[in-house]
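Have a look at the structure below before the remarks.
In this note's numbering, the protein residues as written are 2 to 439.
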């Protein structure tokens with residue numbers, strides 16, 4: 002696909018006559034002309050929706066707003082738009098109004114783990130900082146649909162300072178993910194202020210930005226933005242390509258700018274029925290990404306957010322896709338398939354079963370071809386008892402006291418210095434009965 006295609010030129014001229022390439026690639030022009038109405042989408046696609054379809058689309062966007070950049074709309078195949086993977090991600094259907102009783106507005110319980118506005122502290126050593134509720138495009142499969150387009154979700158300077166203070170007061174936080182909305186909706190100046198402030202916190206080792214701009218509005222990746230982002234040695238950027246059709250010349254150019262200044266790039270895809278639930282599509286996508294220096298990071302099972310049941314696949318489909326990748330392509334091209342646990346349990350990795358069985362000193366494994374082999378474990382392994390007293394450890398790790406984080410969960414059961422043998426839910430009826438009887 003060329004940088005300025007005939008389709009894009011025609012679409013641009015529908016918005017404003019005689020739009021040239023320079024105007025088309027102005028990201029602020031794209032935002033000013035974001036498609037937000039059914040009529041606008043009909044005109045842009047050159048498609049006449051039936052009266053029934055128009056009524057349906059209006060009902061959907063009254064509940065879940067519509068916003069599509071002209072650039073992303075230009076990727077839609079208007080001759081087959083109903084089956085088009087770009088259209089399905091951009092434009093809602095009546096299925097979104099079918100909210101199942103198990104679906105939630107906040108499926109990951111981010112609000113419950115929020116010690117300050119816009120901040121989620123779920124994992125021991127990292128936090129999520131949502132700096133805005135605004136996006137250049139409203140993805141129909143968004144897990145944060147409750148916040149999309151909500152000005153109340155935008156962070157004031159006072160809100161941000163509260164979040165920064167929390168991070169400063171918690172030295173265990175070494176990784177801050179800046180997300181939204183889309184943080185690249187902010188001006189370069191405000192984004193720099195946020196990054197500078199986080200960078201000033203001594204114990205923060207890694208800053209990540211989560212953005213879909215390289216996919217839906219690659220022109221936002223300006224030379225000025227890239228120069229600014231390149232100043233941070235510990236900055237990573239994750240984006241969100243779901244289908245090979247999204248990897249255009251324009252997106253490749255944006256990715257190249259970022260990688261050229263040394264920013265490590267990752268990608269988080271969501272497994273979506275009718276969009277990318279195909280081993281061949283996913284293999285094509287991960288190959289295109291790695292060719293452009295983007296590491297496939299996660300493949301998400303679609304969350305239990307409201308109105309997404311039509312997008313969800315069974316987990317077996319995700320396992321099938323991973324099975325088709327592992328061993329059939331480069332190891333770093335295989336994303337980690339995860340379920341982000343409902344209720345805030347965090348990301349749970351899911352894999353095909355490669356361990357067939359094991360005995361006292363043998364593990365029976367199978368590879369991607371189905372070949373079964375024996376791995377002989379050592380007969381004389383003498384484990385070092387770990388009492389978490391790193392000063393006395395012969396392995397010479399020598400952790401400083403502030404680096405030590407107490408064990409929790411499964412790790413707590415495994416570690417040598419802990420005497421607990423079970424993890425018991427607080428609501429376990431048998432344990433409550435024991436307590437009551439005592």
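All C-beta atoms in this analysis are idealised placements derived from N, C-alpha and C, irrespective of residue type, glycine included. On a predicted model such as this, the values are computed, not experimentally measured, just so you know.
Cα-Cα separation, residue i to residue j
i: residue 106; j: residue 168; result: 26 Å
i: residue 10; j: residue 332; result: 40 Å
i: residue 310; j: residue 80; result: 26 Å
i: residue 344; j: residue 100; result: 18 Å
i: residue 225; j: residue 176; result: 25 Å
i: residue 424; j: residue 306; result: 29 Å
i: residue 321; j: residue 95; result: 29 Å
i: residue 215; j: residue 40; result: 26 Å
i: residue 433; j: residue 221; result: 56 Å
i: residue 413; j: residue 422; result: 9 Å
i: residue 270; j: residue 171; result: 31 Å
i: residue 243; j: residue 376; result: 37 Å
i: residue 123; j: residue 419; result: 23 Å
Assigned exposure category for residue i - 16 Cβ within 10 Å defines buried
i: residue 75; result: buried
i: residue 139; result: buried
i: residue 182; result: buried
i: residue 28; result: buried
i: residue 268; result: buried
i: residue 249; result: buried
i: residue 92; result: buried
i: residue 165; result: buried
i: residue 134; result: buried
i: residue 410; result: exposed
i: residue 440; result: Absent from the structure is residue 440, since the part of the chain shown begins at 2 and ends at 439.
i: residue 312; result: buried
i: residue 232; result: exposed
i: residue 196; result: buried
i: residue 308; result: buried
i: residue 7; result: exposed
i: residue 247; result: buried
Opposing strand residues paired with residue i [DSSP bridges]
i: residue 489; result: Only positions 2 to 439 of the chain appear in this structure, which leaves residue 489 out of reach.
i: residue 366; result: 356, 374
i: residue 176; result: 127, 207
i: residue 299; result: 269, 337
i: residue 121; result: 129
i: residue 327; result: 330
Within 7 Å, strictly: CB atoms of residue i and residue j
i: residue 97; j: residue 126; result: no
i: residue 238; j: residue 210; result: yes
i: residue 272; j: residue 290; result: no
i: residue 257; j: residue 229; result: no
i: residue 72; j: residue 259; result: no
i: residue 266; j: residue 295; result: yes
i: residue 146; j: residue 65; result: yes
i: residue 253; j: residue 278; result: no
i: residue 366; j: residue 382; result: no
i: residue 70; j: residue 180; result: no
i: residue 84; j: residue 77; result: no
i: residue 109; j: residue 178; result: no
i: residue 67; j: residue 37; result: yes
i: residue 350; j: residue 337; result: yes
i: residue 255; j: residue 287; result: no
query = Curious, which full-length alpha helix (DSSP H) runs of at least 4 residues does the region 47-80 contain?
reply = Segments of the alpha helix (DSSP H) lying fully in the region 47-80: 52-64, 71-74.
ask   = Where are the beta strand (DSSP E) runs, 3 residues long or more, that stay fully inside the region 233-265, in chain order?
value = Positions of the beta strand (DSSP E) runs, each at least 3 residues long and wholly inside the region 233-265, are given as 236-240 in order along the chain.
query = Hey, which unbroken runs of the beta strand (DSSP E) at 3 residues or more fall wholly within the region 274-319?
reply = As far as the region 274-319 is concerned, its whole beta strand (DSSP E) runs of at least 3 residues are 295-302.
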